[in-house]
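The following block contains the structure:
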């Protein structure tokens with residue numbers, strides 16, 4: 001995420017400035033060779049001084065342009081899994097999205113991966129390419145700071161890694177708005193999270209983790225067929241805490257933040 005946040009930073013302009021200054025320096029050298037060869041030392045001093053003056057001048061222009069640009073960089077993040085519930089972003093990740101809407105990711109499927117030996121939270125959601133499927137989620141518009149925070153709280157680059165994707169937004173109606181959006185709404189570029197090492201076998205998630213996803217799908221009014229699909233996903237059994245801890249953690253965070261539903 002650090003590399004991404006630098007795309008709109010001063011580094012890019014600094015590099016351009018130095019290339020421009022270097023070009024001017026070379027041009028001055030070529031032009032002055034014929035007049036300064038009689039005094040090599042004076043020649044070097046003159047050229048170096050001019051180079052520094054032009055470098056400082058150009059850098060001041062660049063910095064001024066940066067300060068005049070008041071609009072911060074924004075990123076679009078397609079969230080799935082527990083992040084389809086906007087409350088998760090707010091109370092667990094301390095993120096305030098600029099805005100969010102339901103969205104659909106074509107040619108991908110929802111998978112669950114982790115470890116069967118984990119008897120607390122055995123798995124988490126992932127997406128993987130699949131020509132005949134799609135994943136419903138939430139498209140968040142975030143500041144650069146909050147986008148970086150998503151990466152940190154999700155364990156990038158170890159648990160997940162960033163991937164560019166194209167999604168279609170829609171206003172959920174609980175019926176078929178998402179599938180219609182794939183045909184009618186424009187494709188929007190975004191980032192999503194994928195697994196660096198996704199296994200071949202689905203590992204059932206805890207009941208409370210699934211409950212968060214299902215709650216988000218209801219609140220965002222995902223398509224009816226997709227909500228049915230979520231309700232039919234197998235849940236993990238024989239856990240040390242029968243429902244898992246995801247629901248407990250979210251409920252505690254909601255109470256602490258004063259957002260717990262009555």
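Numbering (the numbering used here), first residue to last: 1 to 262. Glycine is no exception: its CB is placed at the ideal position from the N, C-alpha and C atoms. Since we're looking at a predicted model, the values are computed, not measured.
Spatial neighbours of residue i within its chain, please: C-beta separation below 6 Å, excluding the five flanking residues on both sides.
i           : result
residue 85  : 212, 215, 216
residue 75  : 142, 147
residue 96  : none
residue 226 : 136
residue 208 : 243, 244, 246, 247
Per DSSP, what kind of secondary structure is residue i in: helix, strand or coil?
i           : result
residue 99  : strand
residue 86  : helix
residue 67  : Annotation note: pLDDT 48 at residue 67 (below 50); position unreliable, coordinate value reported separately. Note: residue 67 maps to helix in three-state DSSP.
residue 193 : strand
residue 255 : helix
residue 207 : helix
residue 126 : strand
residue 113 : strand
residue 133 : strand
residue 188 : strand
residue 164 : strand
residue 74  : strand
residue 215 : helix
residue 169 : strand
residue 91  : helix
residue 120 : coil
If you count every other CB in all the chains shown that lies within 10 Å of the CB of residue i, and 16 or more means buried, which is it?
i           : result
residue 158 : exposed
residue 83  : buried
residue 175 : exposed
residue 154 : buried
residue 122 : buried
residue 240 : exposed
residue 192 : buried
residue 189 : exposed
residue 127 : buried
residue 206 : buried
Who are the near neighbours of residue i in its chain, counting only those whose CB is closer than 8 Å to its CB and skipping five residues on each side?
i           : result
residue 94  : 149
residue 259 : 87, 90, 91
residue 130 : 107, 108, 109
Measuring only the C-alpha atoms, how far is residue i from residue j?
i           : j           : result
residue 177 : residue 245 : 33 Å
residue 146 : residue 100 : 13 Å
residue 139 : residue 248 : 25 Å
residue 168 : residue 103 : 5 Å
residue 89  : residue 46  : 58 Å
residue 160 : residue 197 : 9 Å
residue 106 : residue 224 : 17 Å
residue 166 : residue 186 : 9 Å
residue 238 : residue 119 : 7 Å
residue 67  : residue 254 : Note that residue 67 scores a pLDDT of 48, beneath 50, so its modelled location is shaky and nothing firm can be said.
residue 171 : residue 115 : 36 Å
Taking CB distances under 9 Å as the criterion, tell me whether residue i reaches chain B.
i           : result
residue 110 : No chain B appears in the structure shown, which is made up of a single protein chain.
What does a CB cutoff of less than 7 Å around residue i pick up in its chain, not counting 5 residues either side in sequence?
i           : result
residue 220 : 84, 102, 138, 172
Original post:
Taking one C-beta from the segment 197-207 and one from the segment 223-238 each time, how about it: are there three or more such pairs within less than 8 Å?
Top reply: Counting Cβ pairs under 8 Å, three or more are found: they touch.
Original post:
Is the segment 111-118 touching the segment 182-194, taking contact as three or more C-beta pairs under 8 Å?
Top reply: Touching, no.
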